[in-house]
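Remarks on the structure that follows.
Chains as they are written, first to last, in the working numbering: chain A, 1389 to 1992; chain B, 13 to 382.
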């Protein structure tokens, strides 16, 4: 009797679609996170091919590949061999990662925050142009600016000796630290994430009641005191989350340090991880993965701890519609400076790629040629086989097709999952399962892409049927991009009152009809944004996939292949292709449906 | 001292005119309400006087000092106008405690710490919120937040206090209490209050003078009872008073300089004013407040009870006469069976005559032809 009662309760629990969704996603996500983490832990205690050779020769052991050992950890953290092994392979990259992330977060929040303030609070000119173009660097692949940096500042005195635009036009050779190393890495990452900070901070500023600042004005506080005492403390939670998100992202970034770090012997954790892995020091590379994961988790905990509850926002509906803009002194000058800066951040890169892909001799603009685009015969003169011009190169088309297909599938999976998770969480709001689901769905954000790729590589070494498959790429990308989709899906669903769906239940509409005919259309632009962001992120992704697939599968891995081998015309051309695709997809979707990257992140 | 003067103040946003050519004089110590339907420009007017909004043209003076003049290029910032402002949504700073919220303005003025403590304690006492001093706004109810906002505004003792629908987020009972207290505060502080509301009852009960606006244009600026009994036009008459004034279509014809013959409700009347007036012959509108249509067995006009709405203290009776529905308000509880016959009279000398342009032409008595 009691048992019957229990099974009845279980049955009735699962007749509600929201319960099914919450439980199903919890199971899928937990298994996709817990099992991989277990694998990494396991593999970090297992020696790889080169690991074993190294330990054996150092300590006179007889370890074989696959044996259990704590040496991976002790070697990497404390080992002294050929001077200071642990310092050059672990502590120094870690220190570099941290420094780079700190600088980049500072730059991103400062630049993004100032632009957000200018757009929402001041009477700066060309607002539409600025807010539209300022998000370009975020929409474009992160290495875009790194590549531009190289295109402009590389010179015959440093690195590979490729001649950049500055030298070829003026003859000036900037010093090595300016071209490669922590300076360009931090700057480029900072500018790449500035729009992200702008979207988050701008969203808060737009939602923040302007009366809060006016109340201080009336009480005779000056502009600076208002910003310091009122505006900043109120946006502080958003500011801190932004810093932490940017910090985690920068920690994880691989492409930028590869482009403008490694050539100057500047290594960070992610680039070192890759280097160790590809030289078969797999045990040590997994230790590094673990460290990256721990840093990510630490960031989340910090985020939760910092955002106190007591001072939370009191949202009283008011008419903050009447915002009076701050009059800028020297408005025109500031506006023009902004536009010029934007030109270099957002528009110039596109020209630069086009130009570089047209140079027969790198940096020599008298040798313009269309052959890297149009040649129907294999291009010669490089130490590797380059193949035909970009537009007629079957390998490039295959990689591009692969990227497009992958992005499409991933965006469908992620967008739909985000919508469903949003539905489940909003229906069950307040329940423990819903809170757990929304946290678990956000968790992958904290695991750096490179570590994430490495985790799933570990999984595929156990589950061999996954190894190198398209399915593995879809799985990895879907989980990695779920955080923002589930976040924006949840916030969009939360804005709908339960009565909207109940009205449809009463007239007898089945669940599928309620979803497709009622809920989805009402918040169409938000939900479509949930599809757009993963598509854009996926097509420009490199670090997530670089360990999991061969260079010919995806357009980004192919780009990296050409760049690492110094075939800059091809890498620039391919980059131009990616940037254009991303921009076109973004703007057509935006025009057709009102969806936008901002909404995908959860801004307004 | 702090008399406020608005001269030809206009505010435009693109092609939209929010406030048009407004002239207003607010006496020292007055309690003025800016009244009107939403979008009439009352909040914009208030924000312009406070300095939160810049007029497109005109001049504003506070206490004899020009704070804004488009001609002289003067625009003194809100911070330097020596005013207090109470926002509709209170605008309490969520990251500061009640104490810090109230002390903020005093700290800005560089008061000494003991003085600040004393003043804040005084304000907390006055508004009966001492026990909440160390709470955050999110931990207070709407009414308590409202009190904190008032304390914060009053702490630096502003000579002029602006309020933008400060009671609209409170429930009906609390709103009633706060009205009483605000009126009391006005008397205690002796400051000039300028108060924006769309609630005519609030304006009627609290103000010394009502400034009624419509679509950015001033309609009438008079004490509440004058606005009530002698509205300048049909819009004002309609906006003030609940239940609203009866507007009865009529035909008029002047018979002498103080008398006109009025045909309405299928009957003929003589409209008699105490002063001479002008009105064009033909269509016009007669305006009668519901309290001037008492129902009695001796009433000379016949109608039927359309519906009866007793509220305890008074009863609103909707009377059907021909195609016209009239409202009558009677003291006490009454109940008439639906569609039953009844009789009523037109009493008093405050019956209004509106001309074709809806302007009020005269007030007087309405005498039915025998």
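The beta-carbon is built from N, C-alpha and C at its ideal position, and this holds for glycine as well.
### Query
Would you say residue 105 of chain B reaches chain A, if we count a Cβ-Cβ gap shorter than 8 Å as a contact?
At least one chain A Cβ lies under 8 Å of residue 105 of chain B.
#### Entry: Sufficient close CB pairs (3 or more, under 8 Å) joining the region 1777-1786 of chain A to the region 1752-1765 of chain A
Touching, yes.
### Task
Can you pull the chain B residues whose beta carbon is under 8 Å from the beta carbon of residue 1613 of chain A, in chain order?
Result: 120.
### Query
Quick one: does residue 145 of chain B have its CB under 8 Å from some CB of chain A?
Output row for residue 145 of chain B: interface = no.
### Task
For the region 1849-1902 of chain A, list the alpha helix (DSSP H) runs that are entirely contained and at least 4 residues long, ordered along the chain.
Correct list: 1858-1882, 1886-1894.
#### Entry: Coil, strand or helix - residue 318 of chain B by DSSP
It is a strand residue.
### Message
Any beta carbon from chain A within less than 8 Å of residue 64 of chain B's own beta carbon?
### Response
Interface residue, yes.
### Message
For residue 254 of chain B, list the residues DSSP reports as bridge partners.
### Response
Per DSSP, residue 254 of chain B has no beta-bridge partner at all.
### Query
Are residue 265 of chain B and residue 272 of chain B touching if we call contact CB-CB under 8 Å?
Between residue 265 of chain B and residue 272 of chain B, the C-beta spacing is below 8 Å.
### Message
Just to make sure I have the definition right: I need the residues of chain B whose C-beta is within less than 7 Å of the C-beta of residue 1599 of chain A. Which are they?
### Response
Taking the beta carbon of residue 1599 of chain A as reference, the chain B residues within 7 Å of it are 99, 101, 103, listed in sequence order.
### Task
Work out the CA separation of residue 1690 of chain A and residue 1699 of chain A for me, nearest whole Å.
Annotation note: pLDDT 45 at residue 1699 of chain A (below 50); position unreliable, coordinate value reported separately. The C-alpha of residue 1690 of chain A is placed about 17 Å away from the C-alpha of residue 1699 of chain A.
### Task
Show which residues of chain A have a CB atom less than 8 Å away from the CB atom of residue 116 of chain B.
Per Cβ cutoff of 8 Å: 1604, 1607, 1609, 1617.
### Task
Counting only the same chain and skipping the five closest in sequence on each side, list residues whose C-beta sits under 7 Å from that of residue 1864 of chain A.
1840, 1841, 1844, 1932, 1936, listed in sequence order.
### Message
So for residue 340 of chain B, helix, strand or coil by DSSP?
### Response
Shown here, residue 340 of chain B sits in a strand according to DSSP, grouped into three states.
### Query
What residues match up with residue 224 of chain B in a beta bridge as DSSP calls it?
Residue 224 of chain B is bridged to B:47, B:232.
### Task
Answer with yes or no whether the minimum CB distance from residue 76 of chain B to chain A is below 8 Å.
Not an interface residue.
### Query
When DSSP labels each residue in this structure, what does residue 198 of chain B get in the three-state scheme?
Residue state, collapsed to three classes: helix.
#### Entry: Neighbour flag for residue 261 of chain B against chain A, beta carbons, 8 Å
It does not; no Cβ of chain A falls within 8 Å.
### Near-chain B residues of the region 1620-1633 of chain A - C-beta to any C-beta below 8 Å
Within the region 1620-1633 of chain A, the residues whose Cβ lies closer than 8 Å to some Cβ of chain B are 1621, 1622, 1624, listed in chain order.
### Query
Which residues in the same chain as residue 1629 of chain A place their Cβ atom closer than 6 Å to its Cβ, once the five residues preceding and following it in sequence are excluded?
These residues qualify, in order along the chain: 1691.
### Query
residue 49 of chain B CB to nearest chain A CB: under 8 Å?
It does not: the Cβ of residue 49 of chain B has no partner Cβ on chain A nearer than 8 Å.
### Query
Quick one, are the C-beta atoms of residue 1546 of chain A and residue 1956 of chain A less than 8 Å apart?
Cβ distance not < 8 Å, so residue 1546 of chain A and residue 1956 of chain A don't count as in contact.
### Message
In the DSSP output, what is residue 10 of chain B paired with across the bridge?
### Response
Shown here, chain B extends from 13 to 382; a query on residue 10 of chain B therefore has no answer.
### Query
Assuming residue 16 of chain B and residue 73 of chain B make a contact with CB atoms under 8 Å, what is their CB distance in whole Å?
That pair is a contact at about 7 Å.
### Message
Contact criterion: CB-CB distance below 8 Å. Does residue 67 of chain B meet it with respect to chain A?
### Response
No, residue 67 of chain B does not count as interfacial toward chain A.
### Under 8 Å (Cβ pairs) to chain A, residues found in the region 84-97 of chain B
Result list: 89, 90, 91, 92, 95, 96, 97.
### Query
Among A:1620, A:1604, A:1928, which residue has its Cα nearest to the Cα of residue 1593 of chain A?
If we check each option's Cα against that of residue 1593 of chain A, A:1620 comes out closest.
### Query
Nearest chain A C-beta to residue 168 of chain B closer than 8 Å, yes or no?
Contact with chain A is found for residue 168 of chain B, since one of that chain's Cβ atoms lies less than 8 Å from the residue's Cβ.
### Task
Grab me the residues of residue 1800 of chain A's own chain with a C-beta within less than 8 Å of its C-beta, minus the 5 sequence neighbours each way, in chain order.
Excluding sequence neighbours, residue 1800 of chain A sits near 1919.
### Classification of residue 1993 of chain A by the beta-carbon crowding that lies within 10 angstroms, buried from 16 upward
The shown model of chain A, from 1389 to 1992, leaves out residue 1993 of chain A, and the question about it has no answer.
### Message
Check this for me: beta carbons of residue 54 of chain B and residue 225 of chain B, under 8 Å apart or not?
### Response
In this structure, residue 225 of chain B lies closer than 8 Å to residue 54 of chain B by Cβ.
### Query
Are the Cβ atoms of residue 98 of chain B and residue 165 of chain B separated by less than 8 Å?
Remark: C-beta atoms of residue 98 of chain B and residue 165 of chain B approach each other more closely than 8 Å.
### Cβ pair residue 1877 of chain A, residue 1915 of chain A closer than 8 Å
Contact: yes.
### Query
Rounded to the nearest angstrom, how far is the Cβ of residue 1487 of chain A from that of residue 1570 of chain A, given a contact under 8 Å?
Contact flag correct, Cβ pair sits at about 6 Å.
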